[in-house]
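*Asks:* The following block contains the structure, expressed as structure tokens.
2 protein chains.
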Amino acid sequence: MDSKHPAGRLPEPPNPIADDGDETHFCGTCAFSSACIAAGYNKPELAQLQCLVEHVGPFRAGEHIFRTGDPFRAIFAVRSGTVKTRMVDKEGREQVLGFYLPGEVIGLNAIYPEHFPCDAVALDTSFFCRFSFPAMSALASRIPAVQKHLFRLLSKELGSASLLAGDHSADERMAAFLMDLAGRYAARGFSATRFHLSMSRGDIANYLRLAAETVSRVLSRFRSQNLIRIEGRELELLNPDALRQLGQALLPD
Amino acid sequence: MDSKHPAGRLPEPPNPIADDGDETHFCGTCAFSSACIAAGYNKPELAQLQCLVEHVGPFRAGEHIFRTGDPFRAIFAVRSGTVKTRMVDKEGREQVLGFYLPGEVIGLNAIYPEHFPCDAVALDTSFFCRFSFPAMSALASRIPAVQKHLFRLLSKELGSASLLAGDHSADERMAAFLMDLAGRYAARGFSATRFHLSMSRGDIANYLRLAAETVSRVLSRFRSQNLIRIEGRELELLNPDALRQLGQALLPD
DNA sequence: CGTAAATTTGATTGGTCTCAACTTTCGTGG
DNA sequence: CCACGAAAGTTGAGACCAATCAAATTTACG
């Protein structure tokens, strides 16, 4: 054990799987929470919002939430678990487009083409809130706050392409990736310094446009620099400031 | 003259600057056309749509349409000219996010942050239709087709990040870039095989995450392979099929 | 417990960047 | 109209980071 830390094993991090028994907490951290609140928990409109939501799942690791070419009928908020979206070109090469954590929304890029342009694959056992898009649009017409919320969701996703931008080194991209995940977990109320990487090294590499071997090497280097602790897919950020510094060119602010 | 083609100079391509005297044609190719049509050219709503549109310009090459941090109040449809959007990090390094041609819309990524997250810089003398976003939202609430159109615009832009995706060779990225431009010009009624590159080699390189020298080398190679003719910024695609083939991994379908 | 998949680590290769020099284009003013 | 300087673009040579190839090891799972 070359780690300077006492424990031989990383303790289990808090499991970022929403408690099905705690609707209020989950909804409070969901990307739709402000829309739901705007609709009014105590107004008749809420009933309509509830109407168009359907809880779906579980999906096991590797199962598809939707597939490329499926007709677009709904968007999905991740309720628990993790999802990757990906495209597969005709030579069979996979391209990972993004990872989605509890509270985040998938499927928005299907509105225009009216068919899903990518696959969504569960990385963990996952549950979702399914929002019928026609019903959601109709509601948005009647409740400006819901419309505004949808515009904001779409616009927000437009701004999140920056991890891939620029010709940055493997270290910069990896540091930015870890800090991005940390920030997104923190935004949903989970630990920002200890979490589980639901995706494989290969998926991370693919997403960051690196080779899987490079991801492994960078993580090893970060560990030897005491920037992180990592055992398998359990991660602890030991020096978030240094990581933020490393990835600053790719991170917001 | 090492070219096998008879003419010593490339003829001037059709100038993709909308004819101000031909409103109908421009609006027919604008990204908002279907919204305008949906609003109904002969209904009272059209008056409202006209109300919230303001023609702005000219902006000369190098002038800003908006700057990072400006409060978000409107989106802009390019009426004529070309625009690049870019972010500048605190070390002063520029990152080109995209190029926008006549009929395309800029500013959508500012809805969520409520401030523009990037600069928009004219590459040509340019004119715009400015759409007040609050007014547009209000109209969208009353006219479902307008709302739908905004959703589609936003979603479409989500799907257009693919040129940057993947770790592809300089040749693949350049070929895909040229074919993407060609397709977008064609969609607006301009020539798909002869057009002017309004952006510098440096801007192309930055956008494609290459060095300017690499862009220059790739274009020279394409020329020597008779895939293109290029003189300065005047471009002719001599073998679009081969270029599409080269860039297929990055192009839709 | 055994096999396949994932991960780590090492050695080598290669494509693109960097540095550098030169040419061309463009805008400006004499 | 031409001269001039600055910016943009081209081309070459060498260096370097990450990809690829290869192999050992660990982990996951039936």
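In order, the protein sequence lines correspond to chains A and B.
Under this note's numbering, think of the first position of the first sequence as 161, with each following residue one higher.
Under this note's numbering, think of the first position of the second sequence as 161, with each following residue one higher.
Ideal placement from N, C-alpha and C gives every residue a C-beta, glycine not left out.
Keep in mind that this is a model prediction, so the values were computed, not measured.
Distance cutoff 9 Å, beta carbons only. Does residue 244 of chain A sit that close to anything in chain B?
*Replies:* Residue mapping note: residue 244 of chain A aligns to position 84 of the first sequence, counting from 1. So, not an interface residue.
*Asks:* Would residue 363 of chain B count as contacting chain A if we go by Cβ distances under 9 Å?
*Replies:* Residue numbering aside, residue 363 of chain B sits at position 203 when the second sequence is read from its first letter. False, the Cβ-Cβ gap to chain A never drops below 9 Å.
*Asks:* State the start and end residues of the unbroken beta strand (DSSP E) segment that holds residue 247 of chain B.
*Replies:* Counted from its first residue, the second sequence places residue 247 of chain B at position 87. Unbroken beta strand (DSSP E) run through residue 247 of chain B: 243–248.
*Asks:* Anything in chain A within Cβ reach of residue 376 of chain B, meaning under 9 Å, just list it in chain order.
*Replies:* Indexing the second sequence from 1 puts residue 376 of chain B at position 216. Those do not exist, as residue 376 of chain B stays about 16 Å from chain A at its closest Cβ, beyond 9 Å.
*Asks:* With 9 Å as the threshold, decide whether the Cβ of residue 259 of chain A is near any Cβ in chain B.
*Replies:* If you number the first sequence from 1, residue 259 of chain A lands on position 99. Chain B contact via Cβ: absent.
*Asks:* Please report whether the beta-carbon of residue 314 of chain B lies at a distance below 9 Å from any beta-carbon of chain A.
*Replies:* Indexing the second sequence from 1 puts residue 314 of chain B at position 154. By this cut-off, residue 314 of chain B is an interface position.
*Asks:* If the cut is a Cβ gap below 7 Å, which residues of chain A does residue 277 of chain B touch?
*Replies:* As a position in the second sequence, residue 277 of chain B is number 117, starting the count at 1. Within 7 Å Cβ-Cβ: 319.
*Asks:* Could you say which of A:253, A:280 and A:271 lies nearest to residue 245 of chain A if we only look at CA atoms?
*Replies:* Position 85 of the first sequence holds residue 245 of chain A. Per the Cα distances, A:280.
*Asks:* So residue 348 of chain B and residue 262 of chain B are in contact, right, with Cβ under 8 Å, and what is the actual spacing, rounded?
*Replies:* Position 188 of the second sequence, counted from the first residue, corresponds to residue 348 of chain B. Position 102 of the second sequence, counted from the first residue, corresponds to residue 262 of chain B. Contact flag correct, Cβ pair sits at about 6 Å.
*Asks:* Assuming residue 217 of chain A contacts residue 293 of chain A under a Cβ cut-off of 8 Å, what Cβ separation, rounded to an integer in Å, is found between them?
*Replies:* Taking the first sequence and counting its residues from 1, the one referred to as residue 217 of chain A is at position 57. Taking the first sequence and counting its residues from 1, the one referred to as residue 293 of chain A is at position 133. Actually they do not touch by this definition, with Cβ atoms about 19 Å apart.
*Asks:* List, in chain order, every chain A residue whose beta-carbon is nearer than 8 Å to that of residue 399 of chain B.
*Replies:* Mapped onto the second sequence, residue 399 of chain B falls at position 239. The contacting residues do not exist; residue 399 of chain B stays about 21 Å from chain A at best.
*Asks:* Restricting to Cα atoms, I'd like to know which of B:412, B:346 and B:324 is closest to residue 256 of chain B.
*Replies:* Position 96 of the second sequence holds residue 256 of chain B. Cα-wise, what sits closest to residue 256 of chain B is B:324.
*Asks:* If the cut is a Cβ gap below 7 Å, which residues of chain A does residue 268 of chain B touch?
*Replies:* The sequence position of residue 268 of chain B within the second sequence is 108, counting from 1. In chain order: 315 and 318.
*Asks:* Given this structure, state the Cα-to-Cα distance separating residue 342 of chain A from residue 285 of chain B, to the nearest angstrom.
*Replies:* Here residue 342 of chain A is taken as the residue at index 182 of the first sequence, counted from 1. Here residue 285 of chain B is taken as the residue at index 125 of the second sequence, counted from 1. When rounded, the distance between both Cα atoms is 43 Å.
*Asks:* Please classify residue 272 of chain B: does DSSP put it in a helix, a strand, or coil?
*Replies:* In the second sequence, counting from the first residue as 1, residue 272 of chain B sits at position 112. It is coil, neither helix nor strand.
*Asks:* Between residue 344 of chain B and chain A, is there a C-beta pair that is closer than 9 Å?
*Replies:* In the second sequence, the residue the question calls residue 344 of chain B occupies position 184. Taking Cβ atoms only, chain A never reaches closer than 9 Å to residue 344 of chain B, which makes this a no.
*Asks:* Short of 7 Å Cβ to Cβ, which residues in the segment 224–238 of chain B face chain A?
*Replies:* From the segment 224–238 of chain B, no residue has a Cβ closer than 7 Å to chain A.
*Asks:* Given this structure, state the Cα-to-Cα distance separating residue 223 of chain B from residue 283 of chain B, to the nearest angstrom.
*Replies:* The residue labelled residue 223 of chain B in the question sits at position 63 within the second sequence. The residue labelled residue 283 of chain B in the question sits at position 123 within the second sequence. Taking the straight line joining both Cα atoms gives about 8 Å.
*Asks:* Could you check what DSSP says for residue 219 of chain A in three-state terms: helix, strand or coil?
*Replies:* Residue mapping note: residue 219 of chain A aligns to position 59 of the first sequence, counting from 1. Correct three-state label for residue 219 of chain A: strand.
*Asks:* Measuring CA to CA, which of B:345, B:385, B:275 and B:358 is closest to residue 398 of chain B?
*Replies:* Along the second sequence, one-based indexing puts residue 398 of chain B at 238. Comparing Cα positions, the closest option is B:385.
*Asks:* Along the beta strand (DSSP E) that carries residue 389 of chain B, what are the first and last residues, could you check?
*Replies:* To locate residue 389 of chain B, count along the second sequence from 1; it is residue 229. Taken as a continuous stretch (DSSP letters only), the beta strand (DSSP E) holding residue 389 of chain B covers 388–391.
*Asks:* With respect to the beta strand (DSSP E) encompassing residue 321 of chain B, which residues constitute its N-terminal and C-terminal limits?
*Replies:* In the second sequence, counting from the first residue as 1, residue 321 of chain B sits at position 161. From DSSP, residue 321 of chain B is part of no beta strand (DSSP E); its letter is neither H nor E.
*Asks:* Should residue 221 of chain B go down as buried or exposed, given a rule of 16 or more other Cβ atoms within 10 Å for buried?
*Replies:* Within the second sequence, residue 221 of chain B is the residue found at index 61, counting from 1. Flag for residue 221 of chain B reads exposed.
*Asks:* Using a beta-carbon distance below 9 Å, is residue 304 of chain B in contact with chain A?
*Replies:* Within the second sequence, residue 304 of chain B is the residue found at index 144, counting from 1. Yes - at least one Cβ of chain A is within 9 Å of the one on residue 304 of chain B.
*Asks:* Excluding five sequence neighbours on each side, which residues of the same chain lie with their C-beta closer than 7 Å to the C-beta of residue 409 of chain A?
*Replies:* Here the question's residue 409 of chain A lines up with position 249 in the first sequence. Correct list, in chain order: 326, 328 and 332.
*Asks:* Quick check: residue 359 of chain A and residue 411 of chain A, are their CB atoms within less than 9 Å of each other?
*Replies:* Taking the first residue of the first sequence as position 1, residue 359 of chain A is located at position 199. Taking the first residue of the first sequence as position 1, residue 411 of chain A is located at position 251. Not in contact: residue 359 of chain A and residue 411 of chain A (Cβ atoms no closer than 9 Å).
*Asks:* Determine which residues share a DSSP beta bridge with residue 234 of chain B and list them.
*Replies:* Here residue 234 of chain B is taken as the residue at index 74 of the second sequence, counted from 1. In the DSSP output, where bridge partners are listed per residue, residue 234 of chain B has B:292.
*Asks:* Quick one: Cα of residue 229 of chain B to Cα of residue 269 of chain A, how far?
*Replies:* Residue mapping note: residue 229 of chain B aligns to position 69 of the second sequence, counting from 1. Residue mapping note: residue 269 of chain A aligns to position 109 of the first sequence, counting from 1. Residue 229 of chain B and residue 269 of chain A: Cα-Cα distance of roughly 26 Å.
*Asks:* Can you check whether the C-beta of residue 327 of chain A is within less than 9 Å of a C-beta belonging to chain B?
*Replies:* Along the first sequence, read from residue 1 onward, the residue named residue 327 of chain A stands at position 167. Interface residue, yes.
*Asks:* When the Cα of residue 290 of chain A is compared with those of A:266, A:361 and A:396, which residue comes out closest?
*Replies:* For this step, residue 290 of chain A is matched to residue 130 along the first sequence. Out of A:266, A:361 and A:396, A:266 has the C-alpha closest to the C-alpha of residue 290 of chain A.
*Asks:* Tell me, to the nearest whole angstrom, how far the beta carbon of residue 352 of chain B is from that of residue 345 of chain B; I am working on the premise that it is less than 8 Å.
*Replies:* For the purposes of this step, residue 352 of chain B is identified with residue 192 of the second sequence, where counting begins at 1. For the purposes of this step, residue 345 of chain B is identified with residue 185 of the second sequence, where counting begins at 1. Yes, residue 352 of chain B and residue 345 of chain B are in contact; Cβ-Cβ is about 6 Å, under 8 Å.
*Asks:* Residues of chain B with a CB under 7 Å from the CB of residue 221 of chain A: which are they?
*Replies:* Stepping through the first sequence from its first residue, residue 221 of chain A is reached at position 61. Correct list: empty, because the minimum Cβ distance to chain B is about 24 Å.
*Asks:* Give, in chain order, every unbroken run of the beta strand (DSSP E) that is at least 3 residues long and sits entirely within the segment 330–373 of chain A.
*Replies:* Here the runs fully enclosed are 354–356.
*Asks:* My understanding is that residue 301 of chain B touches residue 301 of chain A, with C-beta atoms under 8 Å, so please give their C-beta distance in whole angstroms.
*Replies:* Taking the second sequence and counting its residues from 1, the one referred to as residue 301 of chain B is at position 141. Taking the first sequence and counting its residues from 1, the one referred to as residue 301 of chain A is at position 141. Residue 301 of chain B to residue 301 of chain A, Cβ: 6 Å. Contact.
*Asks:* Under the three-state reduction of DSSP, which class applies to residue 404 of chain B: helix, strand or coil?
*Replies:* Taking the first residue of the second sequence as 1, we reach residue 404 of chain B at position 244. It is helical.
*Asks:* With residue 255 of chain A as the anchor, note down where its beta strand (DSSP E) starts and where it stops.
*Replies:* Here residue 255 of chain A refers to the residue found at position 95 when the first sequence is read from its first residue. Where residue 255 of chain A is concerned, the enclosing beta strand (DSSP E) stretches over 254–260.
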